[in-house]
Structures are given as structure tokens and as C-alpha cells.
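Worksheet for the structure shown next.
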Amino acid sequence: GEDVEQSLFLSVREGDSSVINCTYTDSSSTYLYWYKQEPGAGLQLLTYIFSNMDMKQDQRLTVLLNKKDKHLSLRIADTQTGDSAIYFCAEDSGGGADGLTFGKGTHLIIQP
Amino acid sequence: DGGITQSPKYLFRKEGQNVTLSCEQNLNHDAMYWYRQDPGQGLRLIYYSQIVNDFQKGDIAEGYSVSREKKESFPLTVTSAQKNPTAFYLCASSPGISYGYTFGSGTRLTVV
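Next comes the structure, spelled out in C-alpha cells:
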């Protein structure tokens, strides 16, 4: 079945760039997503990328997609304390009726 | 403003009780989903519904039940058959397959 893998933790210094990585197995995915979850809250859609794109940039966020290796990354430039959260990678599993498949989330920890 | 509302934010259940978690959306989305979130386990799909009066079991449906009598509403009942119900429950909706989700703010259920 489909699987999405992420590292559980990432620690970076404030002001540095954060790079959160994700690998997925379903080659038929059309869209891949990044969500952010702050403590005690729901998930917020950060950005997404269409599978025929290599890169998408949105202000401090850069998404890179390597479709051959099924590898997705989210780069956050100039990381701030407000970026501290859990980041989830998700893929649409080729349009399966049960919706998106999520990774287990990466906890981004910001050091002062 | 359109959105998805979960209530209550916190819920306490005694052993052997059924409880119902509310999820309402005014986004005119066809699809709705229920997830359970436990620390370190990411999101696990409980039930989903692609259309009114139809719903399907997800990966961990045992001990839960749902209904979809209206497009706007997708309540989740946690029954006494669910042996370990303490968790954070998230509801989501989307316009359809392969679209990103909008999440509610979650309900934290605790067994006392």
C-alpha cells in the first residue's frame, strides 16, 4: 500500500534555513502537500505542488520534488520561533477514494 | 467566512459511555473525513464520506460510527466498544478526490 515517510524531529537555529524531507511510494500521486500543525490545533495547508513540477516557491517556503526518487522537501528560509510546529507531508494516492495519505509528521524545534 | 467547525474542543467520557463529536462545514465540500491523532503515530483515518448518505470505513473504524445525513455535517460517535478512545480527533473536508483538505481545530477526548 501507499506509504509516506518523514523524520520525526528536526532542530534548527533561529535565522537558519530548515529543510524537512519526505519520501512517498505511490508514483500515481497527482498532488503533494505540506501541512503545518501548531500545538492543540488542526492542520493548516501550507503549500502544495503538482506532480509535473520540480519546484514551487512561496515567500519563505520552497518545495522541491524529485519524482524519480519519490522525494519531496520543504525548505523554510530564515526560520523563526513561530515556525515551531509539526509539519506533515501528504500525497493524494492517485485519487483514491479514501483521500490523502499523511506522513507521521516532523517536529520542527527552533533553538534561540 | 467559510470554514469547518468541530465541537466541543474538550470532551470527557466515562467508561462505558458513548459520546458524539460534532463536525460542521459551510464550504460546500462533498467529501468529509475523520482522523485520530496519537503522539508519534500521525493521523489515522477512521471514516470518510464522499457524498451525502454514503460513508466508508477507514483504517481504524472499530468502535466508531458516523452518519452523513446532510452535506454540511459528519458527526462521529465514539462507542463503548472503543477500548482506548483517549486521543485528539480531527475532522476535515475537501471539494473532492485529489484536492487538499480543510481541517477543523480538533476535539480532545479524554476517558475519566
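Residue numbers (our numbering), protein chains in the order written: chain L, 562 to 673; chain P, 8 to 119. Positions of the beta carbon are idealized from the N, C-alpha and C atoms, including for glycine.
Does any C-beta atom of chain L lie closer than 8 Å to the C-beta of residue i?
i      : result
P:Y55  : yes
P:S112 : yes
P:A94  : no
P:A38  : yes
P:Q63  : yes
Ignore the nearest five residues each way along the sequence and tell me which others in residue i's own chain have a CB closer than 7 Å to its CB.
i      : result
P:G103 : D37, A38
P:Q44  : L50, A94, F95, L97
Kindly indicate if chain P contains any beta-carbon less than 8 Å away from that of residue i.
i      : result
L:A646 : no
L:G643 : no
L:Y594 : yes
L:F530 : This structure leaves residue 530 of chain L out entirely; chain L is present only between 562 and 673.
L:L571 : no
Going by beta carbon distance, what residues of the same chain come within less than 6 Å of residue i, once the five residues before and after it are set aside?
i      : result
P:K77  : none
P:G9   : N33, L34
L:L625 : M616, S634
Where does residue i sit, in a helix, a strand or coil, going by DSSP?
i      : result
L:D644 : helix
L:D615 : coil
L:K597 : strand
P:K31  : According to the sequence as given, residue 31 of chain P is Glu; it is not Lys. Looking at P:E31 - three-state DSSP - the assignment turns out to be strand.
P:I67  : coil
L:E652 : strand
L:E566 : strand
P:V85  : strand
L:H668 : strand
L:T608 : strand
P:T117 : strand
P:A38  : strand
L:K631 : coil
P:A99  : strand
P:G133 : The first residue shown for chain P is 8 and the last is 119, placing residue 133 of chain P beyond what the model contains.
L:T591 : coil
Tell me which same chain residues have a C-beta within less than 8 Å of the C-beta of residue i, skipping the five on either side of it?
i      : result
P:N60  : R75, E76
L:G666 : Q567, L569, Q598, I647, Y648, F649
What is the rounded straight-line gap between the Cα of residue i and the Cα of residue j?
i      : j      : result
P:F62  : L:G660 : 13 Å
P:E22  : L:S645 : 36 Å
L:S578 : P:V119 : 43 Å
L:L635 : L:Q605 : 15 Å
P:F19  : L:K617 : 43 Å
P:Q13  : L:L571 : 30 Å
L:K628 : L:D564 : 15 Å
L:D615 : P:Q24  : 50 Å
P:Y17  : L:I637 : 32 Å
Whose CA, out of the options, lies closest to the CA of residue i?
i      : options                        : result
P:T86  : P:K16, P:L18, P:I11, P:T27     : P:T27
L:I581 : L:A658, L:P673, L:T640, L:S588 : L:T640
P:Q89  : P:E79, P:Y106, P:I53, P:S112   : P:I53
P:K64  : P:Y42, P:Q48, P:S101           : P:Y42
L:L607 : L:M614, L:I647, L:V573, L:Y594 : L:Y594
L:T586 : L:L633, L:L669, L:V624         : L:L633
L:T642 : L:L626, L:C583, L:S589, L:P673 : L:P673
P:Y55  : P:P46, P:T109, P:Q48, P:A68    : P:A68
L:T584 : L:E575, L:A602, L:H668, L:A651 : L:A651
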